[in-house]
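7 is the number of the first residue of the sequence shown in my numbering; add one for each residue after it.
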Amino acid sequence: MQELQQEQVAQRLDQLTELCVALGRGGNIGGLLERIVTAAKSLTGADGGTLYRPSLDHLSLEFHISINDSLGIHQHGALGIPGVPLFDSAGARNLASVAAYAANFGVSVNIADVYQADAFNFSGMRAFDQHYGYHSQSFLTVPMNDHEGQLIGVLQLINAKDGEGAIRAFSATDQRFIEALAAQAAVAITNQHLIAQLEELLEALVKLINIGIDEKSPYTGRHCQFVPLLTMLLAEAVHATGSGPLADFRMTEGDRRELWMAGLLHDCGKITTPVHVVDKATKLETIFDRIALVDTRFEVLMRDAEIAALKRKLAGAEHAGIDAALGAQLALLAEERDFLRRANVGAENMPAAEQDRVRAIGARRWLGPDGERDLLDAEELENLCIRYGTLTGAERKIINNHIAVSIRMLEALPWPQHLKKVPEYAGGHHERMDGKGYPRGLSKSQMSVPARLMAIADIFEALTAPDRPYKKGKLLSESLHILGEMSLSGHIDPDLFDIFVRSGVYREFALRHMDERQVDAVDEARIPGYRP
Numbered sequence: 007m008q009e010l011q012q013e014q015v016a017q018r019l020d021q022l023t024e025l026c027v028a029l030g031r032g033g034n035i036g037g038l039l040e041r042i043v044t045a046a047k048s049l050t051g052a053d054g055g056t057l058y059r060p061s062l063d064h065l066s067l068e069f070h071i072s073i074n075d076s077l078g079i080h081q082h083g084a085l086g087i088p089g090v091p092l093f094d095s096a097g098a099r100n101l102a103s104v105a106a107y108a109a110n111f112g113v114s115v116n117i118a119d120v121y122q123a124d125a126f127n128f129s130g131m132r133a134f135d136q137h138y139g140y141h142s143q144s145f146l147t148v149p150m151n152d153h154e155g156q157l158i159g160v161l162q163l164i165n166a167k168d169g170e171g172a173i174r175a176f177s178a179t180d181q182r183f184i185e186a187l188a189a190q191a192a193v194a195i196t197n198q199h200l201i202a203q204l205e206e207l208l209e210a211l212v213k214l215i216n217i218g219i220d221e222k223s224p225y226t227g228r229h230c231q232f233v234p235l236l237t238m239l240l241a242e243a244v245h246a247t248g249s250g251p252l253a254d255f256r257m258t259e260g261d262r263r264e265l266w267m268a269g270l271l272h273d274c275g276k277i278t279t280p281v282h283v284v285d286k287a288t289k290l291e292t293i294f295d296r297i298a299l300v301d302t303r304f305e306v307l308m309r310d311a312e313i314a315a316l317k318r319k320l321a322g323a324e325h326a327g328i329d330a331a332l333g334a335q336l337a338l339l340a341e342e343r344d345f346l347r348r349a350n351v352g353a354e355n356m357p358a359a360e361q362d363r364v365r366a367i368g369a370r371r372w373l374g375p376d377g378e379r380d381l382l383d384a385e386e387l388e389n390l391c392i393r394y395g396t397l398t399g400a401e402r403k404i405i406n407n408h409i410a411v412s413i414r415m416l417e418a419l420p421w422p423q424h425l426k427k428v429p430e431y432a433g434g435h436h437e438r439m440d441g442k443g444y445p446r447g448l449s450k451s452q453m454s455v456p457a458r459l460m461a462i463a464d465i466f467e468a469l470t471a472p473d474r475p476y477k478k479g480k481l482l483s484e485s486l487h488i489l490g491e492m493s494l495s496g497h498i499d500p501d502l503f504d505i506f507v508r509s510g511v512y513r514e515f516a517l518r519h520m521d522e523r524q525v526d527a528v529d530e531a532r533i534p535g536y537r538p
């Protein structure tokens with residue numbers, strides 16, 4: 007008999023060891039809690055088990071797992087059942103509930119027969135029995151506390167059964183096993199909480215960087231918000247693809263987390279880019295728009311012309327001819343001033359003839375406080391002759407440097423194993439499939455699918471963004487046409503672009519996040535490089 011008992015204890019020890027190892031592997035918190043209850047029932051032969059968690063305000067215990075084999079009950083998650091108060095109306099600790107008592111005093115409570123016990127109020131249990139035709143008898147209630155002694159749960163088992171199925175009391179050995187399991191379970195739950203809190207802290211820090219970028223440049227802040235959203239939409243579409251070159255691409259929840267984090271951080275280097283470059287709305291803008299200085303010079307030229315005319319009149323010249331010449335000269339100056347104002351606005355492709363005219367106007371001479379000089383200096387001429395957009399070559403290098411800064415920032419961080427690829431994903435969205443991108447000149451074969459799809463998300467959001475200071479947001483159809491051309495020219499991955507269009511990701515994003523005035527009709531058959 008003693009040998010049989012020893013063998014049973016040894017088996018339960020083996021079972022407890024296996025359970026502790028399994029708990030140590032972690033997993034999502036819901037599955038972990040269910041595993042704890044199932045393990046406790048298995049160790050003791052209990053018919054039922056309940057796991058309570060403290061409410062957020064720690065004023066009550068809430069039902070999270072409830073299992074009863076005889077009644078076929080298997081509920082998990084926040085059950086919506088009224089909780090067990092830990093304190094009474096006067097603020098004193100609740101001594102009437104066995105679960106609250108165990109939680110408040112940190113002790114296990116083992117009751118052989120609840121119908122013979124009068125230390126606690128079991129009216130709720132009796133109502134349960136009457137409603138379901140059940141008979142509750144033996145109870146074992148064990149608190150779970152973390153390493154700081156804080157309550158993280160209460161485990162309650164009902165109706166231990168012997169080998170023949172008869173209800174028995176929970177033995178002292180049962181209690182020790184469950185207390186050991188509860189201690190290990192508390193460690194596992196605490197670990198999961200710490201991991202979750204660290205993940206939340208990391209994402210909050212990432213968003214903090216984006217808040218800083220947003221405060222510096224609202225236009226970039228919007229971009230940092232929408233690129234990860236569009237990235238995940240496209241990634242899920244690729245994940246769901248069952249045919250074609252990308253049919254094998256699949257993501258785990260960890261992969262999704264990694265890609266989302268990379269999307270949030272893809273432009274983190276812009277925190278170092280001067281705001282007057284990031285938000286440069288016109289060609290002459292630095293800390294302020296220098297077109298106002300040019301306007302002032304034209305005012306000087308006009309006044310000089312008027313002064314010269316008045317001097318000629320005073321000298322006795324014929325007034326009508328002077329007035330006509332002055333009018334023509336003032337009209338020409340006003341027209342040239344207006345032309346420079348138009349030239350100051352970024353264009354898709356400034357014609358060479360307009361650049362030549364800027365240079366011709368810039369060669370005008372005007373008399374300033376430092377003597378006579380050209381109307382436009384060399385740096386102003388360079389800016390006003392920018393062919394595309396509003397940035398000079400030097401300023402574009404500053405902008406482009408943000409991705410190199412992003413990579414350096416991200417590679418300097420000690421990423422955990424499940425986030426190791428964040429720098430690669432975030433740092434590849436300016437590379438091209440033909441190897442002509444920056445900063446590393448990677449080709450398609452050298453880039454992962456997530457890095458390649460983030461490039462499409464980045465470009466599409468930039469094309470459609472309605473709030474850039476240097477351009478208007480493009481129409482949906484125009485943006486898709488540009489992306490199609492890019493897929494043909496080796497800029498973006500044509501296979502990913504095909505899924506982007508075929509799956510309707512572009513349409514879903516447009517309807518959710520684009521200005522409705524930009525969402526026009528799209529004829530997919532006319533998109534370059536796409537075959538419906």
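Note that beta-carbon positions come from the ideal geometry of N, C-alpha and C, so glycine has one too.
Decide if residue 108 is buried, meaning its Cβ has at least 16 other Cβ atoms within 10 Å, or exposed.
Around the beta carbon of residue 108, a 10 Å sphere encloses 16 or more other beta carbons of the protein chains shown; the residue is thus reported as buried.
Should residue 514 be labelled buried (16 or more other beta-carbon atoms within 10 Å of its own) or exposed?
Around the Cβ of residue 514, a 10 Å sphere holds fewer than 16 other Cβ atoms; the residue is exposed.
Spell out a yes or no on whether the region 492-505 and the region 457-471 are touching, meaning 3 or more CB-CB pairs, one atom from each, closer than 8 Å.
Three or more Cβ pairs drawn from the region 492-505 and the region 457-471 lie within less than 8 Å of each other, which places the two stretches in contact.
Residue-level contact to chain C via CB, residue 491, 9 Å cutoff:
In the structure shown, chain C does not exist; there is a single protein chain.
Start-to-end residues for the beta strand (DSSP E) that takes in residue 519:
Counting along the chain, no beta strand (DSSP E) covers residue 519; the unbroken alpha helix (DSSP H) around it starts and ends at 511-519.
Grouping DSSP H, G and I as helix and E and B as strand, with all else coil, what is residue 535?
It is coil, neither helix nor strand.
I'd like to confirm the pairing. Which residues does DSSP put opposite residue 435 in its beta bridges?
The secondary-structure analysis by DSSP pairs residue 435 with nothing; it has no beta-bridge partner.
Taking the continuous alpha helix (DSSP H) assigned at residue 147, which residues delimit it?
For residue 147, no alpha helix (DSSP H) segment is defined; the enclosing uninterrupted segment is the beta strand (DSSP E) at 145-151.
Three-state secondary structure (DSSP) of residue 392:
Note: residue 392 maps to coil in three-state DSSP.
So residue 111 packs on residue 120, CB below 8 Å; how close in whole Å?
For residue 111 against residue 120, the beta-carbon gap comes to about 19 Å, at or over 8 Å, which does not count as contact.
Sub-9 Å separation of residue 268 and residue 234 beta-carbons:
Contact check for residue 268 against residue 234 passes: the beta carbons are separated by less than 9 Å.
What three-state label does DSSP hand residue 66 in the structure shown?
Note: residue 66 maps to strand in three-state DSSP.
Which residue from 181, 173, 76 puts its Cα closest to that of residue 116?
For the residues 181, 173, 76, the minimum Cα distance to residue 116 belongs to 181.
Of all the alpha helix (DSSP H) runs that stay within the bounds of the region 44-116, which reach a length of 4 or more residues?
DSSP runs (the alpha helix (DSSP H)) wholly in the region 44-116: 104-111.
Since residue 90 and residue 66 are thought to touch, with beta carbons under 8 Å apart, how far apart are those beta carbons, to the nearest angstrom?
Residue 66 and residue 90 do touch by the CB rule: their CB atoms are close to 6 Å apart, below 8 Å.
Inter-residue Cα distance where the pair is residue 45 and residue 94:
The straight-line gap from Cα to Cα measures roughly 33 Å.
Report buried or exposed for residue 448, applying the criterion of at least 16 other Cβ atoms within 10 angstroms of its Cβ.
Result: buried.
Apart from the five residues just before and just after residue 266, which ones in its own chain have a Cβ nearer than 7 Å to its Cβ?
For residue 266, where only same-chain residues beyond five positions count, the Cβ hits under 7 Å are 234, 238.
Cα-Cα separation, residue 401 to residue 276
Using only the alpha carbons, I get a separation of about 13 Å.
In the region 355-419, which residue ranges form an unbroken beta strand (DSSP E) of at least 3 residues, counting only runs that do not cross its ends?
Segments of the beta strand (DSSP E) lying fully in the region 355-419: 371-374, 377-380.
Since residue 252 and residue 505 should fall inside the 8 Å C-beta cutoff, what is the C-beta to C-beta distance between them, to a whole number of angstroms?
Right, their Cβ atoms sit about 7 Å apart.
Please go through the region 444-500 and give each complete alpha helix (DSSP H) segment of 4 or more residues, from N-terminal end onward.
As for any alpha helix (DSSP H) of minimum length 4 sitting wholly inside the region 444-500, the runs are 455-470, 482-494, ordered along the chain.
How should residue 241 be labelled, buried or exposed, when 16 other C-beta atoms within 10 angstroms of its C-beta is the threshold for buried?
So residue 241 counts as buried.
Using DSSP's beta-bridge definition, name the partner residues of residue 167.
Bridge partners of residue 167: 173.
Own chain partners of residue 450 with C-beta closer than 6 Å, once the 5 adjacent residues on each side are dropped:
So the qualifying residues of the chain are 439.
Three-way DSSP call (helix, strand, coil) for residue 233 in this model
The three-state secondary structure of residue 233, taken from DSSP, is helix.
Rounded to the nearest angstrom, what separates residue 40 and residue 82 at their Cα positions?
Distance between the alpha carbons of residue 40 and residue 82: 7 Å.
What is the residue span of the alpha helix (DSSP H) that residue 193 lies within?
Boundaries of the alpha helix (DSSP H) around residue 193: 178-222.
Would you kindly check if the distance between the Cβ of residue 332 and the Cβ of residue 312 is under 9 Å?
Contact: yes.
Given 8 Å as the limit, is there contact between the region 160-170 and the region 46-64, that is, 3 or more CB pairs closer than that?
Yes: at least three Cβ pairs fall under 8 Å.
Residue 138 lies in the alpha helix (DSSP H); which residues open and close that run?
Taken as a continuous stretch (DSSP letters only), the alpha helix (DSSP H) holding residue 138 covers 129-138.
Report all residues from its chain with a CB closer than 6 Å to the CB of residue 434; omit the five preceding and five following residues, and keep chain order.
Only 453, 457 meet the Cβ criterion.
State whether the region 378-386 contacts the region 423-430, with contact taken as three or more CB pairs (one from each stretch) at a distance under 8 Å.
The answer is no - the region 423-430 does not touch the region 378-386, with fewer than three Cβ pairs under 8 Å.
Per DSSP, residue 440 forms a beta bridge with which residues?
Answer is 449, bridged to residue 440.
Close beta carbons around residue 494, own chain, < 6 Å, minus the five adjacent residues each side:
Contacts found: 534, 535.
Quick test of your reading: residue 530 and residue 507, contact by CB under 8 Å. State the CB separation rounded to the nearest angstrom.
Their Cβ separation, rounded to whole angstroms, is 6 Å, which keeps residue 530 and residue 507 in contact under 8 Å.
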